[in-house]
Amino acid sequence: MTLTNCYCTVAEAKADQSISDTISDTVLDVAINAASRQIDGYCARRFWQDGTVVARTYFPDDNLTCVVDDISTTTGLVVKTDDSMDGTFATTLTITTGFILTPSNAAAMVPVHPYETVLAVSGFTFAVGDRPSVQVTAKFGWPAVPDDVKKACIIQSWQLAKSQAAPFGVLSFGDAGFMQLQRGMHPQAAILLEPYIRRNRPR
Numbered sequence: 000m001t002l003t004n005c006y007c008t009v010a011e012a013k014a015d016q017s018i019s020d021t022i023s024d025t026v027l028d029v030a031i032n033a034a035s036r037q038i039d040g041y042c043a044r045r046f047w048q049d050g051t052v053v054a055r056t057y058f059p060d061d062n063l064t065c066v067v068d069d070i071s072t073t074t075g076l077v078v079k080t081d082d083s084m085d086g087t088f089a090t091t092l093t094i095t096t097g098f099i100l101t102p103s104n105a106a107a108m109v110p111v112h113p114y115e116t117v118l119a120v121s122g123f124t125f126a127v128g129d130r131p132s133v134q135v136t137a138k139f140g141w142p143a144v145p146d147d148v149k150k151a152c153i154i155q156s157w158q159l160a161k162s163q164a165a166p167f168g169v170l171s172f173g174d175a176g177f178m179q180l181q182r183g184m185h186p187q188a189a190i191l192l193e194p195y196i197r198r199n200r201p202r
């Protein structure tokens, strides 16, 4: 199985457990893919970057504010508006003179963060109504996978991989020794991911 937009590799997961053989590689492939998508759902965002620009449309929150999906870079970024609300995005805004992005210091943060909001400036406004009036063409996602997310993926991948050997979520150690596996996100993974959960959701 091929790893697709995943947050760690099989080699990184094995190194975390000091494993050198290839016996568990197939199981880990599946677990890493599943853990990566679990992280996406848990954080309400994804940490991989589009390979090419993609166009998406949004309902602005008000005349000046439009919360959007994570924009990883301003390279290739185009923002258009449908001022007449007829489904045609005829007005192209220029960054800094027609709109700005926030967080304003996203590129200087550690790790580098994406932009989450488009703000109209210099007298420009967004039309608010019963259809999306803002179109953003960009590479969505994160500029790079944060180390915390990578570590959370490794932890969660092993939890999923080990669950195969645990009927009903329980591992037996003999002499009536049992360990209940965690359901959902591993507690340590959840702690690592907490700062990355997206609270403001685009419409």
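For the record, in the sequence shown the residue sitting at position 172 is 171 according to numbering that gives the first Met the number 0, with numbers rising by one throughout.
Here a beta-carbon is modelled for each residue, glycine too, at the ideal position from N, C-alpha and C.
Bear in mind the structure is a predicted one, so any value in this text is a computation, not a measurement.
Enclosing alpha helix (DSSP H) for residue i [first to last residue]
i	result
Leu191	186-192
Gln48	Gln48 -> no alpha helix (DSSP H), and no H or E assigned at all.
Per DSSP, cross-strand counterpart(s) of residue i
i	result
Phe98	Ile94, Ala119
Ala54	Thr136
Tyr204	The structure shown does not extend to residue 204, since the chain spans only 0 to 202, so no value can be given for it.
Tyr114	Ile70
Cβ separation of residue i and residue j, assumed to be a contact under 8 angstroms, to the nearest whole Å
i	j	result
His185	Ile154	5 angstroms
Ala34	Leu159	6 angstroms
Leu76	Ile94	7 angstroms
Thr64	Thr116	6 angstroms
Extent of the continuous beta strand (DSSP E) to which residue i belongs
i	result
Val78	77-80
Val66	64-70
Own chain residues within Cβ distance below 7 angstroms of residue i, not counting five before or after
i	result
Thr90	Lys79, Thr80, Asp82
Gln48	Ser71, Lys138, Gly140, Trp141, Pro142
Arg36	none
For residue j and residue i, the rounded distance between their alpha carbons
i	j	result
Phe58	Asp68	12 angstroms
Gly97	Ser132	15 angstroms
Val148	Ile38	8 angstroms
Contact set for residue i: own chain, Cβ-Cβ below 8 angstroms, skip 5 residues either direction
i	result
Asp60	Val66, Arg202
Thr74	Lys138
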